[in-house]
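For reference, each letter of the sequence shown is one residue, going 4 to 407 in this note's numbering. Glycine included, every Cβ here is placed at the ideal spot set by N, Cα and C.
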Amino acid sequence: MLLEAPVEDLKAVLDARGERLEIVDIDEAKPDEKTAVALTSGGNPVLLRSLYAPKEQEPTSDATEPGLEGWVEGVNYFTDGEPQTSEEKISFSDLPQIDPASLELAFSTATSSTSFSAAWADDEKVLYDVYRDGVFVDTADDASFSESGLRPGTDYTYTVQPAAREIGGDELTFQVHTLAANAAKLVEAVDDPVSSLSLQPVASWFLYNTFITNNRVDWDIIQGAFGGCVGVFGDKFGGDNRGYVTPTLYEDPWWYNSHRTGVRMKIDFGPNYVIEEKHVGQTRLYNSSGGLKETRTASTSGVVFSERSVSSSLYKVKVSHEVGNPFCSSGAIRYVVYVNTWSSGVMQVNGYRHPVPAHEAYGLFMNSSGSEYWQTMYQGAQGDFFCVSGLCPTQTISKTHTPS
């Protein structure tokens, strides 16, 4: 089975012999996703999927650097020593509908009991390295790949990323569960093969944190980057003293992982709503002896959700982030991402960030057995603190994850 390009018409897909597949069941009702179960000329079932994504937009921030308007206690920063949080629950019925004309074909996949194929849109025309379970498989020069000889009913993770010598291109991961050896009998026995062979999770989660890897950061470093900071030479600002941490299931990651800021969303296609949460951690100023001088916490106003829209199977939102140090008159932690989430569990994150401090993003997914797992969507290393000025080159964020 080989897909040479994303497929608009699933009924036109050919098998390895060059013969058209026999469609057994197909779901074409959704403008943003098509799924079909077909049989090869040898009678072997194949699960086909084509996904449509919003056309990429040039990300611009809808947030404003808070220090530029002046820090006002009780308005955009607080001294009670507590983190600042906000939460909003929004019904899909209150959101504008996604215009089908704003979508474009993003990728197609074909899964059988012994093979997997994928093809994706590639405006950059770059080479891609393909890895299966972390082991290099091949280099794709036409934005597609196929592998046979897989084991039936087995989980595989394919990672597709631009080759090291390339500039541009997107990263994709495909969490694949090959069809069972008896899939042909299952297709014959059920009335709805598409639903039987493709898991439909109810809800997905998205998490984005920023954090300072240091335990302490010298005041003069921040003063030089931000300017106009409260404090004196020898003082230090508190950091988060950690590296990247993949969240643990069934525990709130904001309880046990220190961070500067956090954004979290639950997208639920069962009752049709989204919950959006913002979290800003405390900024602590210490004297040269290590004693705590003062604690301030910026408000959540520097995090803005916008451009929300929804269809029966796709939720789209833009997150703009400019959160500053409330001890300093300028500078901010900055990023902008578009997050697209499909009811089938697929998640896409596109945007940019300024390279300081460290950034991490994760999605919560469900695999074919019904088990949940956190998947890394982005990790960005901590760069020079001068970059809080907004004058450093931005870094691209681009990742799509497809669960089985």
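Using only the alpha-carbon positions, how far apart do residue i and residue j sit?
i	j	result
residue 138	residue 149	15 angstroms
residue 407	residue 217	38 angstroms
residue 300	residue 166	42 angstroms
residue 43	residue 93	44 angstroms
residue 265	residue 189	44 angstroms
residue 279	residue 160	29 angstroms
residue 2	residue 295	Within the shown structure, residues of the chain are numbered from 4 to 407, placing residue 2 beyond reach of any answer.
residue 207	residue 87	24 angstroms
residue 116	residue 340	36 angstroms
residue 49	residue 41	5 angstroms
residue 230	residue 335	11 angstroms
residue 77	residue 324	20 angstroms
residue 276	residue 365	20 angstroms
residue 351	residue 174	10 angstroms
residue 1	residue 22	With the chain covering only 4 through 407, there is no way to say anything about residue 1.
residue 226	residue 329	12 angstroms
residue 244	residue 262	9 angstroms
residue 81	residue 375	37 angstroms
residue 348	residue 45	31 angstroms
residue 315	residue 287	45 angstroms
residue 30	residue 114	16 angstroms
residue 125	residue 103	20 angstroms
residue 344	residue 95	13 angstroms
residue 100	residue 172	29 angstroms
residue 233	residue 327	13 angstroms
residue 214	residue 135	31 angstroms
residue 356	residue 396	9 angstroms
residue 36	residue 291	58 angstroms
Short of 8 angstroms in beta carbon distance, which residues of its chain neighbour residue i, apart from the five on each side in sequence? Order them along the chain.
i	result
residue 219	239, 240, 241, 242, 289
residue 236	222, 223
residue 58	105, 106, 107
residue 176	160, 161, 162, 163, 378, 402, 403, 404, 405
residue 200	40, 48, 50, 182, 186, 189, 190
Which residue or residues does DSSP assign as beta-bridge partners of residue i?
i	result
residue 56	107
residue 138	135
residue 177	161, 405
residue 28	40
residue 123	110
residue 92	278
residue 48	42
residue 149	120
residue 383	362
residue 389	DSSP output for residue 389 lists no bridge partner at all.
Can you list, in chain order, the residues of its chain whose CB lies under 7 angstroms from that of residue i, leaving out five sequence neighbours each side?
i	result
residue 195	28
residue 359	385, 386, 387, 388, 390, 391
residue 122	6, 7, 8, 9, 110, 111, 146, 147
residue 251	none
residue 414	The requested residue 414 is not part of the displayed model; the chain covers only 4 to 407.
residue 285	84, 86, 298, 300
Using C-beta distances below 6 angstroms, list every residue in its chain close to residue i, excluding the 5 sequence neighbours before and after it, in chain order.
i	result
residue 130	142, 144, 166, 169
residue 271	206
residue 332	70, 231
residue 267	210, 280
residue 363	212, 247, 382
residue 311	98, 320
residue 26	14, 39, 41
residue 302	79, 87
Is the number of C-beta pairs between the region 361-373 and the region 72-91 that are closer than 8 angstroms three or more? no
What runs of the beta strand (DSSP E), each 3 residues or longer, lie entirely inside the region 181-241? 206-214, 219-221, 239-241
Is the region 141-158 touching the region 178-185 in the sense that three or more CB pairs, one from each, lie closer than 8 angstroms? yes
Segments assigned alpha helix (DSSP H), at least 4 residues, entirely inside the region 245-327: 256-259
Quick one: complete beta strand (DSSP E) runs, 3+ long, within the region 318-377? Those beta strand (DSSP E) runs which fall completely within the region 318-377 and span 3+ residues are 336-345, 350-356, 361-369.
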